[in-house]
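In the working numbering, the protein residues as written are 2 to 187. Glycine included, every Cβ here is placed at the ideal spot set by N, Cα and C. Only a predicted model underlies this, so the values are computations on that prediction, with no experimental measurement involved.
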């Protein structure tokens, strides 16, 4: 038994030191070298500071709506609902979100609503929406703000975040940045 116990104990101790200590310090050092010093990107607007990488609630008709959150946009406890696509409670929640969206966006068909506007992400704090999710909201925002749709579409194109190296990931829009730019149009 000694032949197995001591080597296993040494390997466990070495792994603990390397993975919990050294690896963590390397990642912390890399984070401190980044522009935001590992703290996340922040934006100040109207005497408030917001973290760009954490989803914010936008539900008024004059703004682009965010992706729904299963944790009520609470960054202290991110997480999903853990309800599957056949769960009756989950289906009821998604149907209610669809119905609400249709009430606020007349003229949009149910089939035109992008999935990211009615389902929460795995973390519940996704700060981004798809290009399609922004485009489907243009008519509502243009009507409420009395702006031309072409102006809003131009604003959307200015804030599209392209995939890394043009390959990795979809095009997306940060809702907070987009809505701050929308308020700055006045």
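Among 49, 13, 95 and 77, nearest to residue 181 - alpha-carbon criterion = Closest by alpha carbon: 49.
Short Cβ contact (9 Å threshold) for residue 157 with residue 135 = By the CB criterion at 9 Å, residue 157 and residue 135 fall inside the cutoff.
Have a look at the DSSP bridge pairing and note the partners of residue 162.
-> For residue 162, DSSP records a beta bridge to 173.
Run the CB neighbour count on residue 166, radius 10 Å, all protein chains shown included, and call it buried at 16 or more, exposed below.
-> Around the beta carbon of residue 166, fewer than 16 other beta carbons lie within 10 angstroms, which makes this residue exposed.
Within 10 angstroms of the Cβ of residue 65, are there 16 or more other Cβ atoms? Answer buried if so, exposed if not.
-> Residue environment analysis places residue 65 among the buried positions, since at least 16 neighbouring C-beta atoms fall within 10 angstroms of its C-beta.
Could you tell me whether any Cβ in chain C is nearer than 9 Å to the Cβ of residue 137?
-> Annotation note: the requested chain C is absent from the structure, which comprises a single protein chain.
Looking at the unbroken alpha helix (DSSP H) that takes in residue 74, where does it start and where does it end?
-> Counted as a single uninterrupted DSSP element, the stretch harbouring residue 74 is not any alpha helix (DSSP H), since DSSP gives it neither H nor E.
Looking at C-alpha atoms only, which residue of 78, 69 and 74 is the closest neighbour of residue 96?
-> Taking only the C-alpha atoms, the option nearest residue 96 is 69.
Below 9 Å between beta carbons: does that hold for residue 43 and residue 53?
-> Yes, the Cβ-Cβ distance between residue 43 and residue 53 is below 9 Å.
Residues that DSSP places opposite residue 49 in a beta bridge | Within the DSSP bridge table, the entry for residue 49 names 46 as partners.
Residue 129 - partner residues in DSSP beta bridges | 175.
N-terminal and C-terminal residue of the alpha helix (DSSP H) that residue 8 is part of = Residue 8 -> alpha helix (DSSP H) spans 3-17.
Cβ-based burial, residue 169 [other Cβ within 10 Å; buried from 16] = Counting Cβ neighbours within 10 Å, residue 169 comes out exposed, since fewer than 16 surround it.
In or out: residue 184 buried (at least 16 other Cβ within 10 Å) or exposed?
-> When all chains shown are included, residue 184 counts as exposed.
Answer with buried or exposed for residue 121, where buried requires no fewer than 16 other C-beta atoms within 10 angstroms of its C-beta.
-> Classification for residue 121: buried.
Nearest to residue 55 by alpha carbon, out of 47, 93, 79 and 118?
-> The shortest Cα separation from residue 55 among 47, 93, 79 and 118 belongs to 79.
Terminal residues of the continuous alpha helix (DSSP H) containing residue 30?
-> 24-34 is the span of the alpha helix (DSSP H), which, as asked, contains residue 30.
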